[in-house]
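Protein chains in written order, with the working numbering: chain A, 12 to 234; chain B, 58 to 790.
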């Protein structure tokens, strides 16, 4: 399967994402943000983690103006699968391909650690290889992962099965590292082809590094 | 020259140095030339006080590709790969402005490494602060400094996408007036694709790349070569401002450039900016150079030649390109939206000629200023305090029960987990981190290119260095090597950051000299040469210097990334062995400091042969699959080392040792380790072969921690270990 990983100035997880997808058998192209067209036959677009444009204004606020983004929006609107990880999730919110917004972490600090997640919904390509209530252990690393959405929006998310992962502890009890509303870590759009999450599945594909719980997430989209 | 005295004072030059300048120039220098000499001959750039002692460091081994003298050291790690690393201080700026000072320290060391053609793959840092625990003005200010430094380090490294995988912190009153911020970076390169800071080949263009030059950091190198007093507290304008985003672009552009054959040499603009980079590049090659300062990209209008030469604006590099390829070079940097300009060329004049709108404004011979910088033989005198503190003994104080002592020691901010710090650092980006910060002992990353693992550990116990400057420094080398060995890696080479007080004080100079002797002796005996390093002097405020602090980072190689040894307990029911011998060594101990507020006594004996045996035993036993975990024994002795292994793993342990004195469970004898053994017979046999004493002292399991007459519930132990630091550091928020 052909995957495009978009590289913005300040992106820093593109190589990790490429490495992970290739390890799972994908054919990965790194696409520079100044391009205006995705390569042909792309089946999955990944917006990787990092600090696009330094995140000096508001995380991911500038990346949406990059030339390639018009084609990413077209791709998503035509039903193509798009995954935004960390800074990529923030981009999807900025481009309104996903609803809601990000605030600074509740404790104001950058937080980097392994964190447990609970699978809330599996009726989507991203998590279809898991069972509901599975507990996963996947690294987080962000300064602005405090997800927010208004009440009506939140009701919609639940009504349409768009809340996919929640931050929990090892026993599955809510444990919220960053102040996210309802401890939300991952959502998708109504059409279930655009996915955004703050945790880094590409960092959890080998037991040597502490966890391989990210494998079935990526495999879900690569299958 | 008019007002010579005033001019020399402003430039921090002596009359002797001025006479030397007259000889070199054959005439009176103009103001621009004076400021160039001032920077190049500052302590920070010229190492004029320290050079005498740095000469003669062991720097060679079959695996050393590049020793000191370049932007960073380089060692061979097999399969055509090389590790490029160095540590550097950013002490003075971080005390003045903690966030930017620490951030630009990280930025500077990253550039030192990627300018050599290496992609940075790991950061570490070694931090010393004053007392942070009290509820007074000093501790409050120190806590503010900790928060600023940590945020600065995090924001810069995180944005760069380089994981911060470990480090060390230490808190003592001696740093109340001068904190120490030492930053370390390790990068990977192909061993035949290393780039050097040289400028040669007549007519080859000199290219400036990176951020524009502004007025920030003007005279930073000169500032860092002075001690703090009441008068110079308002030095904030001499601190640079960091832009990690610009540096990330610079990194990617440089690495793209290095894949091509367009350049002769490259060097980052660190301390003394354009001045030191241009003089050092030309100096290494014996070349001359012309630079047109009006062509340097400027951040603001109206800047003058001396400001371009002395600015320490960050995120800039100087390149000597191959003639005819300058446009290719510019193209790459423009792709990354960075400034890039041809500002001069290499000549054979042997002089640095600076032009301003076509007019020559400076003309200085290169070799004498960079290669013939002054070397001082400053007076040394054994400090008077040493004799007084040498007699201090635990028996001088009221005795404390082991249980009470344990509670005090295990709650010490020096001992407890520092998640509050390291969770602000992205430690896992690049997906190589095997032993992340908080794992105890060395930090370890795998090398994707060859399946091996690199272990590294930053260490220095300033109390040891205070009571015995020579052996304290040697002990730092031993400890960093021991930590590396505990992960199963073979220690290969060190980088150092030598932080001392004012070298014009003979007692401080003596400490420095002794520290160098200690490092020399230890590195030679342990076969771990020095490949790079940095000296930071004048860490003194109002006449009070910091504890001698020679921070050492040891780098080692594990042949198999799948055989990295953890440092916390793994299996319930497994046996714990103590390796090495325990004596009643309390000189400079945590025990004396925490219980009696005393720093004194006699340092434990150093035995390099024994140290090497310990390393060999753990490395060999791990290779043979005999061990499940290993941890060295250092501050707080056996009891604290066991408590850390227990807290980190959440597993209880019961240990019983027979010792000369009951308090010896806290003794700090060197060359010891705790190992969790999988195969006891084979391990004991191997220990006999290696010739080192091992002793089974207990078993893992249960819900409590017990070591002789000390015990604590695991839950309580973990609560202290994991929560205490945050309680201390956030008490005023």
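All residues carry an ideal CB built from backbone N, CA and C; glycine is no exception. Just so you know, these numbers come straight off a predicted model, no measurement behind them.
{"Item": "To the nearest whole angstrom, what separates the beta carbons of residue 245 of chain B and residue 178 of chain B, a pair I think is in contact under 8 angstroms?", "Value": "5 angstroms"}
{"Item": "Using only the alpha-carbon positions, how far apart do residue 144 of chain B and residue 170 of chain B sit?", "Value": "10 angstroms"}
{"Item": "Less than 8 angstroms between CB atoms is the rule here; does residue 115 of chain A satisfy it with respect to chain B?", "Value": "no"}
{"Item": "Show which residues of chain B have a CB atom less than 9 angstroms away from the CB atom of residue 20 of chain A.", "Value": "302, 305, 306, 309, 393 and 394"}
{"Item": "Count the C-beta pairs between the region 334-342 of chain B and the region 373-389 of chain B that are closer than 8 angstroms, then say yes if the count reaches three, no if not.", "Value": "yes"}
{"Item": "Does residue 126 of chain A come out as helix, strand or coil in the three-state DSSP assignment?", "Value": "strand"}
{"Item": "Helix or strand or just coil, what does DSSP make of residue 597 of chain B?", "Value": "strand"}
{"Item": "Assign residue 327 of chain B to one of three DSSP states: helix, strand, or coil.", "Value": "coil"}
{"Item": "Can you list, in chain order, the residues of the region 489-502 of chain B whose Cβ is nearer than 7 angstroms to any Cβ on chain A?", "Value": "490 and 491"}
{"Item": "Which of helix, strand or coil does DSSP assign to residue 217 of chain B?", "Value": "helix"}
{"Item": "Name the DSSP bridge partner or partners of residue 123 of chain B?", "Value": "B:131"}
{"Item": "Could you give the DSSP three-state label for residue 662 of chain B: helix, strand or coil?", "Value": "coil"}
{"Item": "Work out the CA separation of residue 163 of chain A and residue 80 of chain A for me, nearest whole Å.", "Value": "28 angstroms"}
{"Item": "For the region 218-231 of chain B, which residues have a CB atom closer than 9 angstroms to at least one CB atom of chain A, in sequence order?", "Value": "218, 219, 220 and 221"}
{"Item": "According to DSSP, what are the bridge partners of residue 55 of chain B?", "Value": "Outside the shown range of chain B (58 to 790) lies residue 55 of chain B, about which nothing can therefore be said."}
{"Item": "Chain B partners of residue 213 of chain A, CB-CB under 8 angstroms?", "Value": "488"}
{"Item": "Can you give me the start and stop residues for the beta strand (DSSP E) that residue 607 of chain B sits inside?", "Value": "606-615"}
{"Item": "Could you give the C-beta distance for residue 319 of chain B and residue 379 of chain B, rounded to a whole number, given that I count them as a contact under 8 angstroms?", "Value": "6 angstroms"}
{"Item": "Would you kindly report the start and end of the unbroken beta strand (DSSP E) that includes residue 180 of chain B?", "Value": "176-186"}
{"Item": "Report back the beta-carbon spacing between residue 121 of chain B and residue 430 of chain B to the nearest angstrom; my notes put them in contact at under 8 angstroms.", "Value": "No, residue 121 of chain B and residue 430 of chain B are not in contact; Cβ-Cβ is about 25 angstroms, not under 8 angstroms."}
{"Item": "Please classify residue 201 of chain B as buried or exposed, where buried requires at least 16 neighbouring CB atoms within 10 angstroms.", "Value": "exposed"}
{"Item": "Suppose you measure from the CA of residue 100 of chain A to the CA of residue 62 of chain A; what does that come to, to the nearest Å?", "Value": "12 angstroms"}
{"Item": "Could you tell me whether the Cβ atoms of residue 421 of chain B and residue 314 of chain B are closer together than 8 angstroms?", "Value": "no"}
{"Item": "Please report whether the beta-carbon of residue 74 of chain A lies at a distance below 8 angstroms from any beta-carbon of chain B.", "Value": "no"}
{"Item": "Heavy atom of the ligand SAH less than 7 angstroms from the Cβ of residue 483 of chain B, yes or no?", "Value": "Ligands are entirely absent from the displayed structure, and the ligand SAH is therefore not among its contents."}
{"Item": "Report, in whole angstroms, the separation of the C-beta atoms of residue 498 of chain B and residue 544 of chain B, which I expect to be a contact under 8 angstroms.", "Value": "7 angstroms"}
{"Item": "If you check the beta carbons only, do residue 40 of chain B and residue 522 of chain B fall under 8 angstroms apart?", "Value": "Given that chain B is displayed from residue 58 to residue 790, the structure contains no residue 40 of chain B and the question cannot be resolved."}
{"Item": "Over what stretch of residues does the beta strand (DSSP E) that includes residue 43 of chain A continue unbroken?", "Value": "38-43"}
{"Item": "Tell me which residues share the same chain as residue 27 of chain A and place their Cβ nearer than 6 angstroms to its Cβ, disregarding the 5 neighbours each side in the sequence.", "Value": "213"}
{"Item": "Residues of chain A with CB under 7 angstroms from residue 485 of chain B, in chain order?", "Value": "123, 150, 152 and 214"}
{"Item": "Report the option in B:187, B:301, B:192 and B:136 whose CA atom is closest to the CA atom of residue 218 of chain B.", "Value": "B:301"}
{"Item": "When the Cα of residue 716 of chain B is compared with those of B:707, B:461, B:709 and B:726, which residue comes out closest?", "Value": "B:726"}
{"Item": "To the nearest angstrom, how far is it from the Cα of residue 217 of chain A to the Cα of residue 594 of chain B?", "Value": "45 angstroms"}
{"Item": "Buried or exposed, going by whether 16 or more other CB atoms sit within 10 Å of the CB of residue 807 of chain B?", "Value": "Limits of chain B in this structure are 58 at one end and 790 at the other, which puts residue 807 of chain B out of reach."}
{"Item": "With a threshold of 8 angstroms between beta carbons, is residue 211 of chain B in contact with chain A?", "Value": "yes"}
{"Item": "If we count the other Cβ atoms within 10 Å of its Cβ and call it buried at 16 or more, is residue 790 of chain B buried or exposed?", "Value": "exposed"}
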